[in-house]
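To start, the structure itself, in structure tokens.
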Amino acid sequence: MTETTETPIRRGVPLWAQIIIWVGLLALLVMVGVTLMKRQEGTIQPGDVIPDFSLPLFSGYEYAGQSEVKLSDFRGKVVVINFWASWCKPCEQEAAELQEAWEYYEPTGQVVFLGADYVDTEPEARVYLQKYGITFPNGPDMGTRISQLFRIQGVPETYFVDKTGVLRYVQVGPFSSLGQIQAQIDLLLAE
Amino acid sequence: MLAEFGYGVLLVTFLLALYSVGASVYGYYNKSASMVESARRSMLLTFPLLSIAALSLISLLVNGDFNVQFVYEVTSRSMPAYLKVTAWWGGQAGSLLFWSWLMSAFASLVTLRKWDRDQEFLPWVIVVASVTLAFFLALNIFFENPFARLYQTFDGNIAAYTLAPANSTPIVPADGRGLNPLLRHPGMIIHPPMLYLGFVSYVIPFAFAIAALVTGRTDDRWIRITRRWSLWAWLFLSFGLVLGGRWAYDVLGWGGYWGWDPVEIAAFMPWLTGTAFLHSVMIQEKRGMLKQWNMVLIILTYALVIFGTFLTRSGVLSSVHAFAQSAIGPSFFVFIGVTFVTSIALLIHRWEDLKAEAEMKSMLSREALFLLNNLLFMSVLVVSFWGVIFPLISELFTGQKVTVGPPFYERANSPLFAALMFLMAIAPLSAWGHSTIQTLGRAIWKPTIAALAITVAIFFTYTRNWIALIGFFLVALVILVTLYEFWRGARARQKTQGENFFTALSHLTGKNRRRYGGYVIHISMMLMAIGILGIELFQNETQGTIQVNQSLELQGYKLVYKDIAQWDDASTGVNYTRATIEVYKGGQLVTELHPRTDYYYEAQQNMTIPGVRSTMADDVYVLLVDWEPASAVGATFKLYVNPLVNWLWVGSLLFLVGVIIAAWPEKDPERVTVRATRSARQTSAAD
Amino acid sequence: MKTNLRFTFFVLLLVLAGLLVAPVSAQGAQPPTDDDVNAIAKELYCPVCENTPLDVCATQACAQWRDLIRLKLSQGETESQIKQYFVENYGARVLNEPPREGLNWLAYLVPPVIILAGAVFLVRALRMMKKPVAAVPAEGPRVEAPADDYIARLEEEVKKQK
């Protein structure tokens, strides 16, 4: 197999082409690999510090007159963040218990319950909230930003944050009893 | 017992595959023919062994041993036996075993051929096939064991284990979850096997390509050996895609056949490079050119097959088709990394050895046009690949999730497909080695005029939509040019052989199967294009809630809601709601349709089955929509009129005919290799 | 008498005018049809499901979103307003194409750039493979009428096969 080029130099693939090919392949593998790792990650775990976020609240479900709250507003208090949706059947199983827990802890002023409505419509959300007589601060997770922060895998999920802003407990799925909720909060209040 | 036996067989097969790899490599480097023969035999053994493992799994499925996790997940008591068999590929673990079984079948088939002239390829073909087989078996053995049983452990958790953990009790559910209702349709039964057949058969040409690179036998021997493999692989893959479209149309209830979903595209991408490869190898055979490019194409095809399989099964992409998230992702990722890097490194190493001597005579020669064909297919690939990857990139760098949907792909790919159609009209008229504007012009002006005439007729009778008109013009041009080729060839034979026209035609095709089979395939693609143009550009839909004896109207059709029935079928565990619709056109009753919704109790899932009336002119497609509960008081129907869509399915049948013609074995297969003349005037009328 | 007639005439004219105007405003009061809702839902993706367009999605959540579209349509919102609302509430993934801003421009620009680069590469490769000018005259006599040429080739082939 003779070459028709004038000089028999083995040029091979030019360097610039090799660089592009290998860099391109590396970039692809890195991106896919990192995405794979992210998918396997699951929710944020106890011990993680949660970045600050702001939650706009439905009118009628404000906190201390504010229609938008930030997580950092509640430093020094125990924060319970509950992700739910009106179209979520399992959420209904824990709705009453959550409200009971809120009524129990609200007078202490040491605990804040925040409801983040995940990918929902306001009219339907209000119907749900009224049905279970929910009074703790509730608002839509606009653009799914907050749920992406927490990397929720579904609804309902509840996150318990201690007084220093560190996540301490993750509840995936509905609570089975009021006692379960109280146990977690009491633990964090005692610190 | 049977499950443990099946798992044991998998383990043995895995070890045999590893042994094949080792023995082949050792045999090659130590020039030991006996070691290579030993590797070949062990490769051959994998097929009967995997058949036994498969039969074990099927037996477990059919007998409903719900203690086995896979059986629990994909079967249930109410399923008929044949469906339980097809449940083999109805879930991740089983379908991986199916993949492996096919891989061992094809590897065995290839090792059974006569190897006298190609002894040096054999070890490396065995290596590539065995490595791929070993990988898929490893997925089954270490991550997704189809034979794993359910146990409840000490702490109350129930999970599947290969070996019973200490202090655990076996769990035997009373009934299985049952196959996803969507997977119980005939089209869905053969769509995955057909796709897997396509994917797996591409491993063989890839194996030969790697063998050629490693051994340095970089002439086109590897292409000639795998010519038929590549064609059949391409057929299976094409059919897998068409069946997927047909199934979506029949059963998924959105009036369409292709949604540009990432998993659909993952199967489409190897088809693109496979088609480019099909054409480009002809250039290598005829002119000895493009050896480097053909290597790139076959490596890309294999890479896209593996990458597509990975994307579908790893949960990386957001898709309606995706399997549930699985632990196989990371190992798949490593396998991809290793195979990509090895293939590319090998290719770069041998790059200079693949240099060709022939030159391009003219920009309009068939080689040049085939290269343009390749550029266009690669362009569609770039668009499709980027559209699939971009959401990943967006999420990684901005945290924002985006969707890349149909408008993106359609806008970019439509002009590319139009250009490909135009090429299909010109390339048959261009000669190998040389063509000029004059020769092409002279050949094409008559079909062009005829195609224009047809387009004008369409303009006055059917549509003014300019995109459709361009599309129909191109379709007409390609069909006319291709038929013209048949006619010219047959007439030439008539003159020289004195045969009558039809004998001439059949002999012409018989003596040039690849070319004329290819032409039939081109015509079939144009028929499919008619269907696609019709449904994409002229689909009409309407939806409304109507009472009994009220009607919905669309495009000249009037659909009257006559009746509704609802009943439970205890044997299948389904609640059926079935409406009766009378279809009128121009005041005349045309037919009665029965759209229905099937609610599967155990899966808690609804299937909407449309009532369809099909003609070549259009489909009247009506769905019982369940936005509101249906009753005699009011039911919501969605009505589609899909013009010309059946040309798509008719075209795919003709496609099958074309591939069979093209792939039918020549009486004298070795004759083809003798005519490897490199003369400047080489033009060949007979393939 | 005459003033009476004129007066009646003007009243009738007013009533007629009122009748003409009335259907226009009555049209605005008609509830949006399923087709109107579907036309917009077709272009949106279900925010929770995996890659499912909103008009075919069967879940309860999707039904709520379609009702929301219907509500907004009846309030007179336009398609782009409704889409904007969905993006604000549920993120950019509900659109069927990445919105043209920031990094997303790459989605639209990268393929044409690569394809163009491929075309340039192809043209250069073809040129490199093309034989130098000296050989061109030799190809003159080969430019025959294609039909005869074709038949000549075919005859040659047929003879070989016999």
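Going line by line, the protein sequences match chains C, V and D.
Residues in the first sequence are numbered from 7 upward in steps of one, following my numbering.
Residues in the second sequence are numbered from 757 upward in steps of one, following my numbering.
Residues in the third sequence are numbered from 34 upward in steps of one, following my numbering.
Cβ coordinates follow ideal geometry from the N, Cα and C atoms, glycine included.
Residue i: first and last residue of the uninterrupted beta strand (DSSP E) it sits in
i	result
A916 of chain V	914-917
P1399 of chain V	1391-1399
K1314 of chain V	1313-1325
F1257 of chain V	Counting along the chain, F1257 of chain V falls outside any beta strand (DSSP E), though it belongs to the alpha helix (DSSP H) covering 1257-1267.
I26 of chain C	Careful: I26 of chain C lies outside any beta strand (DSSP E), inside the alpha helix (DSSP H) at 21-47.
I927 of chain V	Run containing I927 of chain V: none; DSSP gives neither H nor E here.
Q177 of chain C	173-178
Helix, strand or coil at residue i [DSSP, three-state]
i	result
Y958 of chain V	coil
I1337 of chain V	strand
W1010 of chain V	coil
S1307 of chain V	strand
L61 of chain C	strand
L38 of chain D	helix
D54 of chain C	coil
E1348 of chain V	strand
F1133 of chain V	helix
Q875 of chain V	coil
R869 of chain V	coil
Y67 of chain C	coil
K1251 of chain V	helix
Under 9 angstroms by beta carbon: chain E residues contacting residue i
i	result
L31 of chain C	You won't find chain E in this structure, because its protein chains are C, V and D.
Span of the alpha helix (DSSP H) around residue i
i	result
K116 of chain D	112-123
I1062 of chain V	1047-1070
K1202 of chain V	1193-1217
K840 of chain V	837-842
Nearest residue (CA-CA) to residue i, options the options
i	options	result
I1302 of chain V	V:V1381, V:V1234, V:A1207	V:V1381
L1412 of chain V	V:M1180, V:F1178, V:T1259, V:W990	V:W990
L1110 of chain V	V:S1140, V:F1141, V:M1051, V:V1061	V:M1051
I1214 of chain V	V:G1254, V:S1087, V:F1229	V:F1229
P86 of chain D	D:R157, D:D69, D:L77, D:L104	D:L77
V1389 of chain V	V:A1335, V:P1351, V:T1204, V:Y1356	V:A1335
A1112 of chain V	V:F877, V:D975, V:N823, V:T769	V:D975
A70 of chain C	C:E112, C:T127, C:P52	C:E112
A107 of chain C	C:A189, C:V19, C:L42, C:R45	C:A189
G115 of chain C	C:L195, C:G30, C:G18, C:I27	C:L195
V1281 of chain V	V:Y1165, V:M1177, V:G1161	As written in the sequence, residue 1281 of chain V is Met, which differs from the Val given in the question. That would be V:M1177, whose Cα lies nearest to the Cα of M1281 of chain V.
Identity of the residues DSSP links to residue i by a beta bridge
i	result
M1363 of chain V	V:D1354
P86 of chain D	D:Y78
Y1377 of chain V	V:V1368, V:Y1396
A122 of chain C	C:F89, C:G145
M1281 of chain V	Answer is none; M1281 of chain V lacks a bridge partner.
M1116 of chain V	D:K163
F1242 of chain V	According to DSSP, which records beta bridges pairwise, F1242 of chain V is partnered with nothing at all.
C-beta contact flag for residue i and residue j at 7 angstroms
i	j	result
Y1313 of chain V	K1341 of chain V	yes
G783 of chain V	V792 of chain V	yes
G856 of chain V	L893 of chain V	Reading off the sequence shown, one finds Ser at residue 856 of chain V, where the question assumed Gly. For S856 of chain V and L893 of chain V, yes; Cβs fall inside 7 angstroms.
A1419 of chain V	R984 of chain V	yes
A1059 of chain V	F1096 of chain V	yes
S1074 of chain V	F1088 of chain V	no
I187 of chain C	V117 of chain C	no
V884 of chain V	E83 of chain D	no
L1349 of chain V	T1364 of chain V	no
L1053 of chain V	T1029 of chain V	yes
M1372 of chain V	N1398 of chain V	no
T971 of chain V	V1019 of chain V	no
V881 of chain V	A963 of chain V	yes
H941 of chain V	V998 of chain V	no
G1169 of chain V	V1138 of chain V	Position check: residue 1169 of chain V holds Asn in this sequence, whereas Gly was assumed. Their beta carbons are not under 7 angstroms apart, which means N1169 of chain V does not touch V1138 of chain V by this criterion.
L853 of chain V	P902 of chain V	yes
I1279 of chain V	T1238 of chain V	yes
Contact test: residue i Cβ vs the ligand MG heavy atom, cutoff 6 angstroms
i	result
V781 of chain V	The ligand content of the structure shown is nil, which means the ligand MG is not present either.
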